[in-house]
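A.B. asks: This is the structure I want to talk about, given as structure tokens.
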Amino acid sequence: DPCAPVPPMWCAHRGEMRTTANGVTLGADQSVPFADWLRAYTVGAASAGGQSAERGSLTVGKRADFVVLDRSCEPPTVAETWIAGTRVFP
Numbered sequence: 006d007p008c009a010p011v012p013p014m015w016c017a018h019r020g021e022m023r024t025t026a027n028g029v030t031l032g033a034d035q036s037v038p039f040a041d042w043l044r045a046y047t048v049g050a051a052s053a054g055g056q057s058a059e060r061g062s063l064t065v066g067k068r069a070d071f072v073v074l075d076r077s078c079e080p081p082t083v084a085e086t087w088i089a090g091t092r093v094f095p
């Protein structure tokens, strides 16, 4: 379904690796490093939403909501979730 939501980690992984669902590499020269994807989904999203003062980075005074990623999986998976500085998953 072209209108279905795309999971962020899947999108970042495909953008970094430039592979299709069938494993074919397309436009490897257009690969975007995972760190750039992560920045887009964190600092970039907070900035775009006008919320840079409260979220987007781990900085004193901002919300301590974040995930710990397991990059040994493809695409990366969420290993831990923290909300307001408290681990809520697993």
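For the sequence shown, the residue numbers in this note's numbering are 6 to 95.
Where is the CB? At the ideal position from N, CA and C, for every residue including glycine.
Do you know how far the Cα of G28 is from the Cα of G61?
C.D. replies: If I take the Cα positions, the gap works out to 32 Å.
A.B. asks: Quick check: the Cα distance between C8 and A26, rounded to an integer number of angstroms?
C.D. replies: Cα-Cα distance, rounded: 17 Å.
A.B. asks: Please give the ranges of any alpha helix (DSSP H) in the region 25-67, keeping only runs that are unbroken, at least 4 residues long and fully inside the region.
C.D. replies: Within the region 25-67, the complete alpha helix (DSSP H) runs of at least 4 residues are 39-44, 50-53.
A.B. asks: Let me know the secondary structure DSSP gives A84 once reduced to three states.
C.D. replies: In the structure shown, A84 sits in a strand (DSSP, three-state: E or B).
A.B. asks: Is it the case that the region 48-57 contacts the region 31-39, given that we only count it when at least three CB pairs across the two stretches are under 8 Å?
C.D. replies: No, the region 31-39 does not touch the region 48-57.
A.B. asks: Going straight from the alpha carbon of L63 to that of F39, what length do you get?
C.D. replies: Each residue's alpha carbon lies about 18 Å from the other.
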